[in-house]
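*Asks:* My questions all concern the structure below.
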Amino acid sequence: LWLGGELARRGLAPAPSQANVLWMTAPGGDAAALAQRIAHGGVTVATGAVLGEPAHLRVTVRDRPASGRFLRALDAALG
């Protein structure tokens, strides 16, 4: 819930989920490029390419410290 709210504040809209995974469209539609930039921040996320959805990111929700690391990497990736 907290992470979803933080993503919404950044203009991202993860799909509703009952699981510990968030699924969202990458800004600009290039999830591979965004995932690569996020990886430069030391965080790995998956793209939806293997599922036929190359414009999407799959983010596993863990604890708050891990979510904070993801948000910092995302912020840096988005510039």
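When we follow our numbering, the leftmost residue of the sequence shown carries the number 40, and every step to the right adds one.
Even for Gly, the Cβ is constructed at its ideal location relative to N, Cα and C.
Mapping the DSSP letters down to three states, classify V89 as helix, strand or coil.
*Replies:* Correct three-state label for V89: helix.
*Asks:* Can you find the residues in the same chain that come closer than 6 angstroms, C-beta to C-beta, to V82, ignoring five residues on each side of it along the sequence?
*Replies:* Hits under 6 angstroms: R108, F109, A112.
*Asks:* Would L90 and M63 be called neighbours here (beta carbons separated by less than 8 angstroms)?
*Replies:* The answer is no: Cβ separation not under 8 angstroms.
*Asks:* Confirm, please, whether the CB-CB distance from A65 to A94 is below 8 angstroms.
*Replies:* Yes; because the gap between Cβ atoms is below 8 angstroms, this pair is in contact.
*Asks:* Hey, could you find the ends of the alpha helix (DSSP H) A42 is sitting in?
*Replies:* According to the sequence shown, residue 42 is Leu rather than Ala. Here the alpha helix (DSSP H) through L42 covers 41-48.
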